[in-house]
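Remember, the numbering used here sits 329 above the position in the sequence shown when you count from 1. See below for the structure under consideration.
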Amino acid sequence: MSKTYFNNRDAENIEKLDRILDEDLPDFCREYFVGISSNTTTLTRLNYAYDIRTFFRYISAKITRFKRKSVKEITPADIESLSPFEIEAYLSYVEIYRDKDGNIVKNGARGKSRKLAAIRSMIRYFEKKQLIRYNPTASVDTPKLREKEIIRLDGDEIETMLDVVDTGMGLSDRQQKYQENTRVRDLAMVSLFLGTGIRVSELVGLDLDDINFDDLSFVVTRKGGARVILYFSEEVAGYLYDYYCIRKADETLKNEPALFLSLQKRRITTRAVENIIKKYSAVATPLKHITPHKLRSTFGTQLYRNTGDIYVVADVLGHKDVNTTKRHYAAITEDIRRSASTKVSLRGAPDNKDE
Numbered sequence: 330m331s332k333t334y335f336n337n338r339d340a341e342n343i344e345k346l347d348r349i350l351d352e353d354l355p356d357f358c359r360e361y362f363v364g365i366s367s368n369t370t371t372l373t374r375l376n377y378a379y380d381i382r383t384f385f386r387y388i389s390a391k392i393t394r395f396k397r398k399s400v401k402e403i404t405p406a407d408i409e410s411l412s413p414f415e416i417e418a419y420l421s422y423v424e425i426y427r428d429k430d431g432n433i434v435k436n437g438a439r440g441k442s443r444k445l446a447a448i449r450s451m452i453r454y455f456e457k458k459q460l461i462r463y464n465p466t467a468s469v470d471t472p473k474l475r476e477k478e479i480i481r482l483d484g485d486e487i488e489t490m491l492d493v494v495d496t497g498m499g500l501s502d503r504q505q506k507y508q509e510n511t512r513v514r515d516l517a518m519v520s521l522f523l524g525t526g527i528r529v530s531e532l533v534g535l536d537l538d539d540i541n542f543d544d545l546s547f548v549v550t551r552k553g554g555a556r557v558i559l560y561f562s563e564e565v566a567g568y569l570y571d572y573y574c575i576r577k578a579d580e581t582l583k584n585e586p587a588l589f590l591s592l593q594k595r596r597i598t599t600r601a602v603e604n605i606i607k608k609y610s611a612v613a614t615p616l617k618h619i620t621p622h623k624l625r626s627t628f629g630t631q632l633y634r635n636t637g638d639i640y641v642v643a644d645v646l647g648h649k650d651v652n653t654t655k656r657h658y659a660a661i662t663e664d665i666r667r668s669a670s671t672k673v674s675l676r677g678a679p680d681n682k683d684e
């Protein structure tokens with residue numbers, strides 16, 4: 330079971346992070362990223378670096394007393410001198426702004442909350458190391474997040490989605506030509522999303538050796554690098570086996586470990602999978618914006634409704650904290666409570682002869 334894909338992805342993330350640290354952030358920031366490396370993924374650190382870079386660019390360009398300083402010249406003492414109001418002004422700024430290339434960037438409450446969390450994490454780290462004594466983010470309120478409605482496929486929509494993938498009905502003539510070559514692969518991918526709830530990153534990282542049809546299981550690499558065994562149904566196995574046999578039979582790909590390939594015979598990318606799902610869902614459910622994550626939510630919803638066990642759902646989906654699962658599927662709890670009222674009959678209940 331090869332880890333090549335994930336090792337390469339981590340290496341790319343580390344290279345990007347090093348480039349940002351060398352070119353776009355003050356030198357003291359490197360200590361922070363080294364300090365958090367043992368308990369964060371490379372992708373988390375890279376995303377923090379992007380957000381922290383935006384913050385430093387802002388204070389260098391927009392706060393008067395720092396305008397003579399480049400980003401590389403900003404010191405911990407400069408961060409300590411910021412006021413809570415200046416942090417709040419930054420959050421107001423990132424709601425809509427132009428990046429260095431002139432592109433318009435927008436952030437809602439979730440984006441602003443993430444950017445504040447990145448700054449706050451860095452300042453708390455240096456506060457703990459006593460490099461900074463005053464934390465200007467301490468009294469800044471986190472933007473209030475509204476619970477997002479779970480968008481998912483209903484039972485009939487699942488069937489329609491699979492029908493579109495299988496037949497190509499509703500696709501343009503050009504799309505149908507591609508679909509003729511990718512139908513078996515696409516059915517395998519969509520059925521895996523709907524039947525196991527895996528993440529798109531987990532799907533693109535699958536290798537041929539990760540699949541075991543003897544016990545209908547496969548190994549995925551979760552966030553953080555943990556390797557876990559998941560299981561798929563006989564129904565999913567049918568779609569997956571059809572593609573597996575075609576993929577395995579290609580003698581020209583003996584040295585390619587990836588399970589899912591692009592038309593260029595290389596490991597398929599996350600972006601390509603997202604575009605494939607977008608193409609089919611635009612026909613199957615035109616009023617819903619369906620992504621691979623929404624297919625994951627569809628699986629989670631069905632599993633919760635059928636088991637009523639939030640802990641099982643959390644485990645299968647790979648949520649480290651069951652509260653994450655509860656937040657995502659809280660609305661379904663009402664459906665389960667309602668159905669519980671029909672499980673106990675009164676007049677039809679058998680007599681208890683012990684009384």
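We put the beta carbon where it would ideally sit given N, CA and C, even for glycine. Bear in mind the structure is a predicted one, so any value in this text is a computation, not a measurement.
For a minimum of 4 consecutive residues, which ranges assigned as the alpha helix (DSSP H) are wholly contained in the segment 489-565?
502-525 and 529-533
Could you check the C-alpha separation between TYR507 and SER610 for me, to the nearest Å?
Whole-angstrom Cα-Cα distance: 16 Å.
By how many angstroms is the C-alpha of ALA378 removed from the C-alpha of GLU352?
12 Å
Based on the DSSP output, what are the partners of ILE433 in its beta bridges?
ARG427
Jot down the residue ranges of each uninterrupted alpha helix (DSSP H) in the segment 336-421, minimum 4 residues, whole runs only, in chain order.
Counting only runs of 4 or more residues that sit fully inside the segment 336-421, the alpha helix (DSSP H) segments are 358-364, 371-391 and 405-409, in chain order.
Around the C-beta of LYS441, are 16 or more other C-beta atoms found within 10 angstroms, so that it is buried, or is it exposed?
buried
Might you give, ordered along the chain, the residues of its own chain that have their beta carbon closer than 8 Å to the beta carbon of ILE487, omitting 5 neighbours on each side?
LEU523 and THR627
Output the distance between the C-alpha atoms of LYS608 and ALA517, rounded to the nearest integer angstrom.
16 Å
Do you know whose CA, among LYS617, LYS391, ILE480 and PRO465, lies nearest VAL423's CA?
LYS391
Just reading off the alpha helix (DSSP H) that GLY629 is part of, what are its end residues?
DSSP places GLY629 in the uninterrupted alpha helix (DSSP H) bounded by 621-636.
In this structure, how does DSSP classify ARG481 when only helix, strand and coil are distinguished?
Residue state, collapsed to three classes: coil.
Per DSSP, which one or two residues make a beta bridge with LEU590?
Looking at the DSSP output, LEU590 sits in a beta bridge with ARG596.
Mind checking whether ASN342 and LEU375 have CB atoms under 7 Å apart?
yes
Taking 6 Å as the limit between beta carbons, can you name the residues of its chain near LEU646, skipping five residues before and five after?
GLY526 and GLY629
Just verifying my parser: in three-state terms, what is the DSSP assignment at GLU585?
Coil.
In the DSSP assignment, find the alpha helix (DSSP H) that holds VAL641 and state where it starts and stops.
639-646
For ARG600, count neighbouring C-beta atoms within 10 Å of its own C-beta (all shown protein chains included) and say buried if the count is 16 or more, exposed if not.
exposed
Note down, in chain order, each residue of its chain lying with its Cβ closer than 6 Å to the Cβ of GLU694, except the 5 sequence neighbours on either side.
Since the first residue of the chain shown is 330 and the last is 684, residue 694 is not available in this structure.
Is it the case that the Cβ atoms of TYR387 and TYR419 are separated by a distance below 7 Å?
yes
Check whether chain D comes within 7 Å of TYR463, counting only Cβ atoms and requiring the distance to be less than that.
Included in the structure is just one protein chain, with no chain D present.
Which same chain residues end up closer than 7 Å to ARG481 when comparing Cβ atoms and leaving out the 5 residues on each side of it in sequence?
LYS623, SER626, THR627 and THR630
Alpha carbons only, please: which of ASP470, LYS401 and LYS458 is nearest the one belonging to PRO413?
ASP470
Given 6 Å as the limit, tell me if VAL434 has its C-beta closer than that to any heavy atom belonging to the ligand FAD.
This structure lacks the ligand FAD, and indeed carries no ligand of any kind.
Counting beta carbon pairs with one atom in the segment 580-588 and one in the segment 526-537, are three or more of them shorter than 8 Å?
In the pairwise beta carbon analysis, the segment 526-537 is classified as touching the segment 580-588: at least three pairs are separated by under 8 Å.
Pull up the distance between the alpha-carbon of ALA340 and that of ARG596, whole angstroms please.
17 Å
In angstroms with no decimal places, state the Cα-to-Cα distance between PHE561 and SER367.
33 Å
Which word fits ASN635, buried or exposed, when buried means at least 16 other C-beta atoms lie within 10 angstroms of its C-beta?
exposed
Over what stretch of residues does the alpha helix (DSSP H) that includes TYR454 continue unbroken?
438-457
Rounded to whole angstroms, how far is the Cβ of ILE619 from the Cβ of ILE606, which I believe are closer than 8 Å?
Taking the Cβ atoms as the reference, ILE619 lies roughly 6 Å from ILE606, within the contact range of under 8 Å.
Could you compute how far the alpha carbon of ILE381 sits from the alpha carbon of GLN593?
37 Å
Can you tell me whether ASN652 is helix, strand or coil according to DSSP?
helix
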